[in-house]
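Here the structure is laid out as C-alpha coordinates; the discussion comes afterwards.
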Amino acid sequence: MGSSLSKYLDNPINQNLRQLHPKKDALNCFHYLNLGLGHSISTFSFYSYNMATQEQLKGILVALTTPYTADQKSIDLEALDTHIQRLIAAGVHGLVPGGSTGEFVALSTEERKILVEQCVKSAAGRVPVIAGTGDLSTARAVDLAKHAAEVGAKALMVVPPYYDAVSVPQLRELLREIHEASRLPIVYYNIPSASGLTLQPEQIVALSEVGVMYMKDTSGNAPVLTDLLFTSSYSDRVTTFNGWDTLTFYGLAAGAKGSVWGATNIIPELSMELWEAVAVQGDIKKGRELWTKIFPVCKFLESHNYASAIKTGMELRGWGTGGVRRPFTLLEGGLREELKLILENAGVKTV
(Lines of atoms letter the chains of each structure in order from A and count residues from 1; the text may use other names and numbers.)
(Lines give C-alpha, C1' and ligand atoms only; values in the text may rest on other atoms or scores of the structure.)
Protein backbone atom coordinates (compact mmCIF):
# COMPACT_ATOMS: atom_id res chain seq x y z
CA MET A 1 0.00 0.00 0.00
CA GLY A 2 1.43 3.38 -0.99
CA SER A 3 0.30 6.93 -1.63
CA SER A 4 -2.68 7.86 -3.77
CA LEU A 5 -0.25 8.89 -6.48
CA SER A 6 1.62 5.57 -6.29
CA LYS A 7 -1.59 3.57 -6.57
CA TYR A 8 -2.61 5.70 -9.53
CA LEU A 9 0.70 5.08 -11.26
CA ASP A 10 0.55 1.33 -10.55
CA ASN A 11 -2.43 1.14 -12.89
CA PRO A 12 -1.14 -0.33 -16.21
CA ILE A 13 -2.75 2.55 -18.07
CA ASN A 14 -0.41 4.96 -16.31
CA GLN A 15 2.84 3.00 -16.45
CA ASN A 16 4.31 5.46 -18.95
CA LEU A 17 4.26 8.04 -16.15
CA ARG A 18 6.20 5.89 -13.68
CA GLN A 19 9.49 7.44 -14.79
CA LEU A 20 8.31 10.73 -13.28
CA HIS A 21 7.69 9.01 -9.95
CA PRO A 22 10.31 6.39 -8.99
CA LYS A 23 8.98 4.26 -6.15
CA LYS A 24 11.66 5.29 -3.72
CA ASP A 25 11.35 9.01 -4.10
CA ALA A 26 11.07 11.10 -0.96
CA LEU A 27 7.31 11.45 -1.21
CA ASN A 28 6.62 7.72 -1.30
CA CYS A 29 9.32 6.92 1.25
CA PHE A 30 7.30 9.01 3.69
CA HIS A 31 4.32 6.74 3.16
CA TYR A 32 6.35 3.53 3.44
CA LEU A 33 7.98 4.74 6.66
CA ASN A 34 4.65 5.83 8.03
CA LEU A 35 3.21 2.36 7.44
CA GLY A 36 6.13 0.77 9.24
CA LEU A 37 6.08 3.09 12.23
CA GLY A 38 2.35 3.39 12.75
CA HIS A 39 1.16 6.97 13.02
CA SER A 40 4.22 8.42 14.68
CA ILE A 41 5.47 10.35 11.67
CA SER A 42 2.10 11.76 10.69
CA THR A 43 1.34 12.64 14.29
CA PHE A 44 4.64 14.48 14.55
CA SER A 45 4.08 16.32 11.28
CA PHE A 46 0.57 17.37 12.30
CA TYR A 47 0.91 18.35 15.91
CA SER A 48 4.41 19.78 16.11
CA TYR A 49 3.39 22.37 13.53
CA ASN A 50 3.88 25.91 14.73
CA MET A 51 2.24 28.37 12.39
CA ALA A 52 4.11 31.31 13.84
CA THR A 53 7.42 29.94 12.59
CA GLN A 54 6.26 29.23 9.04
CA GLU A 55 7.25 31.31 6.06
CA GLN A 56 4.42 33.69 5.22
CA LEU A 57 2.54 33.28 1.97
CA LYS A 58 2.83 36.21 -0.40
CA GLY A 59 2.95 37.18 -4.05
CA ILE A 60 1.34 35.63 -7.08
CA LEU A 61 -0.26 32.33 -6.12
CA VAL A 62 -1.58 30.59 -9.21
CA ALA A 63 -5.12 29.24 -9.06
CA LEU A 64 -3.98 26.19 -10.98
CA THR A 65 -5.82 24.45 -13.80
CA THR A 66 -6.16 20.66 -13.88
CA PRO A 67 -5.08 19.12 -17.21
CA TYR A 68 -6.69 15.89 -18.40
CA THR A 69 -5.73 13.04 -20.68
CA ALA A 70 -7.30 13.00 -24.14
CA ASP A 71 -10.24 10.87 -22.97
CA GLN A 72 -10.63 13.06 -19.86
CA LYS A 73 -10.70 9.95 -17.66
CA SER A 74 -7.55 10.87 -15.75
CA ILE A 75 -5.41 13.83 -14.75
CA ASP A 76 -2.55 14.28 -17.21
CA LEU A 77 0.36 14.30 -14.78
CA GLU A 78 2.97 15.00 -17.44
CA ALA A 79 1.06 18.04 -18.69
CA LEU A 80 0.59 19.20 -15.10
CA ASP A 81 4.29 18.88 -14.37
CA THR A 82 5.17 20.75 -17.58
CA HIS A 83 2.81 23.58 -16.69
CA ILE A 84 4.13 23.84 -13.15
CA GLN A 85 7.71 24.05 -14.40
CA ARG A 86 6.62 26.80 -16.81
CA LEU A 87 4.97 28.78 -14.02
CA ILE A 88 7.88 28.42 -11.61
CA ALA A 89 10.31 29.46 -14.35
CA ALA A 90 8.21 32.61 -14.80
CA GLY A 91 8.68 33.39 -11.11
CA VAL A 92 5.32 32.63 -9.46
CA HIS A 93 5.33 32.46 -5.68
CA GLY A 94 2.98 29.54 -5.06
CA LEU A 95 0.55 27.00 -6.49
CA VAL A 96 -3.10 26.58 -5.51
CA PRO A 97 -4.46 23.33 -6.96
CA GLY A 98 -7.96 22.04 -6.41
CA GLY A 99 -9.86 25.32 -6.48
CA SER A 100 -12.59 26.60 -8.78
CA THR A 101 -10.14 27.18 -11.64
CA GLY A 102 -8.94 23.61 -11.14
CA GLU A 103 -12.49 22.24 -11.54
CA PHE A 104 -12.42 20.60 -8.12
CA VAL A 105 -16.14 19.84 -8.28
CA ALA A 106 -15.46 17.63 -11.34
CA LEU A 107 -12.72 15.64 -9.59
CA SER A 108 -13.09 12.53 -7.46
CA THR A 109 -11.63 12.57 -3.95
CA GLU A 110 -8.84 10.29 -5.15
CA GLU A 111 -8.07 12.62 -8.05
CA ARG A 112 -7.92 15.60 -5.71
CA LYS A 113 -5.32 13.77 -3.64
CA ILE A 114 -3.33 12.81 -6.73
CA LEU A 115 -3.42 16.42 -7.90
CA VAL A 116 -1.97 17.77 -4.65
CA GLU A 117 0.71 15.06 -4.47
CA GLN A 118 1.86 15.80 -8.01
CA CYS A 119 1.97 19.54 -7.36
CA VAL A 120 4.11 19.03 -4.26
CA LYS A 121 6.41 16.72 -6.19
CA SER A 122 6.72 19.06 -9.17
CA ALA A 123 7.27 22.13 -7.00
CA ALA A 124 10.04 20.27 -5.17
CA GLY A 125 10.16 22.80 -2.36
CA ARG A 126 10.75 25.80 -4.61
CA VAL A 127 7.32 27.31 -4.01
CA PRO A 128 4.60 26.40 -1.51
CA VAL A 129 1.56 24.37 -2.48
CA ILE A 130 -1.73 25.55 -1.00
CA ALA A 131 -4.15 22.66 -1.40
CA GLY A 132 -7.80 23.27 -2.14
CA THR A 133 -9.64 20.97 0.26
CA GLY A 134 -13.14 22.42 0.55
CA ASP A 135 -16.02 19.97 0.23
CA LEU A 136 -19.72 19.61 0.94
CA SER A 137 -18.87 16.86 3.43
CA THR A 138 -16.91 17.66 6.60
CA ALA A 139 -15.53 14.10 6.62
CA ARG A 140 -14.16 14.44 3.09
CA ALA A 141 -12.82 17.93 3.75
CA VAL A 142 -10.97 16.66 6.83
CA ASP A 143 -9.66 13.63 4.92
CA LEU A 144 -8.37 15.86 2.12
CA ALA A 145 -6.77 18.23 4.63
CA LYS A 146 -4.97 15.44 6.48
CA HIS A 147 -3.73 14.01 3.21
CA ALA A 148 -2.47 17.42 2.04
CA ALA A 149 -0.51 17.82 5.27
CA GLU A 150 0.98 14.33 4.97
CA VAL A 151 2.29 14.88 1.43
CA GLY A 152 3.81 18.30 2.05
CA ALA A 153 1.30 21.05 1.30
CA LYS A 154 2.11 24.24 3.22
CA ALA A 155 -1.44 25.52 3.64
CA LEU A 156 -5.04 24.72 2.81
CA MET A 157 -7.57 26.74 0.85
CA VAL A 158 -11.06 25.99 2.16
CA VAL A 159 -14.24 27.10 0.44
CA PRO A 160 -17.41 26.91 2.55
CA PRO A 161 -19.99 24.31 1.55
CA TYR A 162 -21.94 25.59 -1.43
CA TYR A 163 -25.52 25.10 -2.70
CA ASP A 164 -26.94 25.47 0.82
CA ALA A 165 -25.21 28.14 2.90
CA VAL A 166 -23.84 27.19 6.30
CA SER A 167 -24.27 29.39 9.35
CA VAL A 168 -21.28 31.18 10.85
CA PRO A 169 -21.12 28.77 13.84
CA GLN A 170 -21.23 25.82 11.42
CA LEU A 171 -18.45 27.37 9.35
CA ARG A 172 -16.29 27.91 12.42
CA GLU A 173 -16.76 24.31 13.53
CA LEU A 174 -15.86 23.05 10.05
CA LEU A 175 -12.69 25.13 9.93
CA ARG A 176 -11.76 24.12 13.47
CA GLU A 177 -12.03 20.42 12.59
CA ILE A 178 -9.98 20.87 9.43
CA HIS A 179 -7.28 22.82 11.24
CA GLU A 180 -7.05 20.44 14.17
CA ALA A 181 -6.77 17.46 11.82
CA SER A 182 -4.06 18.98 9.63
CA ARG A 183 -2.30 21.64 11.73
CA LEU A 184 -1.90 23.66 8.55
CA PRO A 185 -2.81 27.34 8.19
CA ILE A 186 -6.06 27.90 6.34
CA VAL A 187 -6.73 30.28 3.47
CA TYR A 188 -10.44 31.05 3.76
CA TYR A 189 -11.94 31.17 0.26
CA ASN A 190 -14.41 34.04 0.45
CA ILE A 191 -16.73 33.59 -2.51
CA PRO A 192 -20.29 34.59 -1.53
CA SER A 193 -21.61 34.08 -5.06
CA ALA A 194 -20.94 30.34 -4.74
CA SER A 195 -21.25 29.74 -1.00
CA GLY A 196 -24.25 31.95 -0.32
CA LEU A 197 -22.43 33.15 2.79
CA THR A 198 -21.53 36.83 3.14
CA LEU A 199 -19.31 37.62 6.11
CA GLN A 200 -18.54 41.04 7.54
CA PRO A 201 -14.86 41.90 8.10
CA GLU A 202 -15.26 41.32 11.85
CA GLN A 203 -16.57 37.82 11.21
CA ILE A 204 -13.78 37.06 8.76
CA VAL A 205 -10.96 38.02 11.10
CA ALA A 206 -12.63 36.10 13.94
CA LEU A 207 -11.96 32.97 11.89
CA SER A 208 -8.32 33.36 12.94
CA GLU A 209 -9.45 31.68 16.17
CA VAL A 210 -10.05 28.43 14.26
CA GLY A 211 -6.94 28.33 12.06
CA VAL A 212 -7.51 30.94 9.36
CA MET A 213 -4.36 32.97 8.66
CA TYR A 214 -5.21 34.13 5.14
CA MET A 215 -8.18 34.92 2.96
CA LYS A 216 -8.69 34.73 -0.77
CA ASP A 217 -11.23 37.47 -1.40
CA THR A 218 -13.38 36.58 -4.39
CA SER A 219 -16.28 38.72 -3.28
CA GLY A 220 -15.57 41.43 -5.84
CA ASN A 221 -16.42 43.90 -3.08
CA ALA A 222 -13.76 46.61 -3.22
CA PRO A 223 -14.89 48.44 -0.04
CA VAL A 224 -14.67 45.23 2.01
CA LEU A 225 -11.27 44.46 0.50
CA THR A 226 -10.15 47.98 1.41
CA ASP A 227 -11.38 47.56 4.98
CA LEU A 228 -9.47 44.32 5.37
CA LEU A 229 -6.28 45.83 3.97
CA PHE A 230 -6.31 49.20 5.75
CA THR A 231 -7.73 48.39 9.17
CA SER A 232 -4.83 47.15 11.29
CA SER A 233 -7.05 45.27 13.72
CA TYR A 234 -8.11 43.18 10.70
CA SER A 235 -4.88 42.94 8.74
CA ASP A 236 -2.88 41.97 11.83
CA ARG A 237 -5.02 38.86 12.23
CA VAL A 238 -5.81 37.71 8.69
CA THR A 239 -3.71 38.39 5.58
CA THR A 240 -5.94 39.13 2.61
CA PHE A 241 -5.15 38.11 -0.97
CA ASN A 242 -7.12 39.48 -3.87
CA GLY A 243 -9.03 36.77 -5.68
CA TRP A 244 -11.12 38.79 -8.13
CA ASP A 245 -9.26 39.16 -11.41
CA THR A 246 -10.44 42.63 -12.39
CA LEU A 247 -9.46 44.00 -8.96
CA THR A 248 -5.89 42.69 -9.11
CA PHE A 249 -4.23 46.00 -9.88
CA TYR A 250 -6.24 47.80 -7.21
CA GLY A 251 -5.56 45.08 -4.65
CA LEU A 252 -1.80 45.15 -5.18
CA ALA A 253 -1.68 48.95 -5.25
CA ALA A 254 -3.71 49.03 -2.02
CA GLY A 255 -1.21 46.79 -0.30
CA ALA A 256 -2.54 43.25 -0.63
CA LYS A 257 0.20 40.72 0.09
CA GLY A 258 -0.57 39.06 -3.21
CA SER A 259 -3.20 37.58 -5.45
CA VAL A 260 -4.62 34.10 -5.96
CA TRP A 261 -4.93 34.47 -9.69
CA GLY A 262 -6.25 32.17 -12.40
CA ALA A 263 -5.24 34.40 -15.32
CA THR A 264 -1.61 33.65 -14.46
CA ASN A 265 -2.10 30.24 -16.09
CA ILE A 266 -2.31 32.10 -19.41
CA ILE A 267 -0.16 35.17 -18.79
CA PRO A 268 2.49 34.23 -16.21
CA GLU A 269 4.98 36.73 -17.61
CA LEU A 270 2.62 39.71 -17.46
CA SER A 271 1.40 38.65 -14.02
CA MET A 272 4.91 38.69 -12.63
CA GLU A 273 5.71 42.01 -14.32
CA LEU A 274 2.68 43.54 -12.63
CA TRP A 275 3.70 42.16 -9.23
CA GLU A 276 7.25 43.45 -9.61
CA ALA A 277 6.15 46.90 -10.76
CA VAL A 278 3.37 47.53 -8.25
CA ALA A 279 4.09 45.43 -5.17
CA VAL A 280 7.89 45.40 -5.22
CA GLN A 281 8.93 48.65 -6.91
CA GLY A 282 5.87 50.74 -6.07
CA ASP A 283 5.89 51.95 -9.67
CA ILE A 284 2.22 52.74 -10.15
CA LYS A 285 2.80 54.38 -13.53
CA LYS A 286 4.36 51.23 -14.96
CA GLY A 287 1.66 49.20 -13.25
CA ARG A 288 -1.01 51.18 -15.07
CA GLU A 289 0.72 50.58 -18.38
CA LEU A 290 0.78 46.85 -17.71
CA TRP A 291 -2.80 46.87 -16.49
CA THR A 292 -4.03 48.33 -19.78
CA LYS A 293 -2.84 45.04 -21.33
CA ILE A 294 -3.95 42.72 -18.55
CA PHE A 295 -7.37 44.16 -17.68
CA PRO A 296 -9.08 43.17 -20.97
CA VAL A 297 -7.88 39.60 -20.42
CA CYS A 298 -9.28 39.55 -16.88
CA LYS A 299 -12.55 41.16 -17.93
CA PHE A 300 -13.04 38.55 -20.64
CA LEU A 301 -12.29 35.65 -18.29
CA GLU A 302 -14.80 36.89 -15.74
CA SER A 303 -17.47 37.27 -18.42
CA HIS A 304 -17.53 33.57 -19.33
CA ASN A 305 -17.25 30.16 -17.72
CA TYR A 306 -13.99 30.82 -15.93
CA ALA A 307 -12.29 27.42 -16.18
CA SER A 308 -13.34 27.12 -19.83
CA ALA A 309 -11.97 30.57 -20.66
CA ILE A 310 -8.70 29.94 -18.81
CA LYS A 311 -8.09 26.66 -20.60
CA THR A 312 -9.05 28.17 -23.96
CA GLY A 313 -6.43 30.86 -23.38
CA MET A 314 -3.83 28.23 -22.56
CA GLU A 315 -4.72 26.31 -25.72
CA LEU A 316 -4.30 29.52 -27.70
CA ARG A 317 -0.76 29.70 -26.37
CA GLY A 318 -0.13 26.14 -27.52
CA TRP A 319 -0.33 24.62 -24.06
CA GLY A 320 -2.43 21.46 -24.01
CA THR A 321 -5.08 21.18 -21.30
CA GLY A 322 -7.29 18.23 -22.21
CA GLY A 323 -10.24 20.61 -22.19
CA VAL A 324 -12.77 20.99 -19.38
CA ARG A 325 -14.80 18.10 -18.10
CA ARG A 326 -18.32 17.68 -19.42
CA PRO A 327 -20.88 19.09 -19.49
CA PHE A 328 -18.65 22.14 -20.01
CA THR A 329 -16.55 22.76 -23.11
CA LEU A 330 -13.78 25.07 -24.25
CA LEU A 331 -14.82 28.34 -25.87
CA GLU A 332 -15.35 28.08 -29.59
CA GLY A 333 -15.99 30.19 -32.66
CA GLY A 334 -16.28 33.93 -32.13
CA LEU A 335 -15.48 33.77 -28.42
CA ARG A 336 -12.25 31.91 -29.06
CA GLU A 337 -11.29 34.44 -31.72
CA GLU A 338 -12.14 37.32 -29.39
CA LEU A 339 -9.86 35.94 -26.68
CA LYS A 340 -7.11 35.36 -29.23
CA LEU A 341 -7.27 39.01 -30.30
CA ILE A 342 -7.26 40.23 -26.68
CA LEU A 343 -4.15 38.17 -25.93
CA GLU A 344 -2.38 39.38 -29.05
CA ASN A 345 -3.21 43.00 -28.19
CA ALA A 346 -1.57 42.35 -24.82
CA GLY A 347 1.60 41.26 -26.61
CA VAL A 348 1.04 37.55 -25.98
CA LYS A 349 2.01 35.19 -28.79
CA THR A 350 -0.73 32.77 -29.83
CA VAL A 351 -0.84 29.76 -32.14
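910 is the number of the first residue of the sequence shown in the working numbering; add one for each residue after it.
Backbone N, C-alpha and C define an ideal beta-carbon position, used for all residues, glycine too.
- Contact check for Pro1069 against Leu1093 fails: the beta carbons are separated by 7 Å or more.
- Gly1243 carries a helical assignment under DSSP once its states are collapsed to helix, strand and coil.
- Of the residues Lys1125, Ile969, Gln965, the one whose Cα lies closest to the Cα of Pro1177 is Ile969.
- In the three-state DSSP reduction, Ile1100 falls in the coil class, being neither helix nor strand.
- Beta-bridge pairing by DSSP links Ile969 to Ser1168.
- By the C-beta density criterion, Val1189 is exposed, having fewer than 16 other C-beta atoms within 10 angstroms.
- Here Asp990 is buried. Its C-beta has 16 or more other C-beta atoms within 10 Å.
- Counting along the chain, the unbroken beta strand (DSSP E) around Tyr1123 starts and ends at 1121-1126.
- Nearest neighbour of Lys967 by Cα position, chosen from Val1005, Ala1048, Ser1102, Lys1208, turns out to be Val1005.
- C-alpha of Ser1046 to C-alpha of Val1014: approximately 12 Å in a straight line.
- Put simply, the backbone Cα of Asp1136 is about 24 Å away from that of Val1075.
- Under the DSSP assignment, Gly1003 falls in the beta strand (DSSP E) whose first and last residues are 1003-1005.
- Between Arg1021 and Gly1007, the C-beta spacing is below 7 Å.
- By the criterion of a C-beta distance shorter than 8 Å, Asp1073 is surrounded in its chain by Gly1105, once the five residues flanking it on both sides are discounted.
- With a cut-off of 8 Å on Cβ pairs, the region 1204-1216 is not in contact with the region 1028-1046, counting fewer than three such pairs.
- If only complete runs of 3 or more residues are kept, the region 1019-1075 shows the beta strand (DSSP E) at 1039-1041, 1064-1067, in order along the chain.
- Going by beta carbons, Asp1154 and Glu1247 fall outside the 7 Å limit.
- Taking the C-beta atoms as reference points, Thr974 is found no nearer than 7 Å to Gly1034.
- Of the residues Val1121, Ala1165, Gln1112, the one whose Cα lies closest to the Cα of Ala1131 is Ala1165.
- Taking C-alpha positions only, Leu986 is separated from Val1233 by approximately 15 Å.
- In the displayed model, Thr1140 falls within coil according to three-state DSSP, outside both helix and strand.
- For Glu1089 and Ala979, the gap between their C-alpha atoms comes out near 39 Å.
- Taking the C-beta atoms as reference points, Ile1100 is found no nearer than 7 Å to Asn1174.
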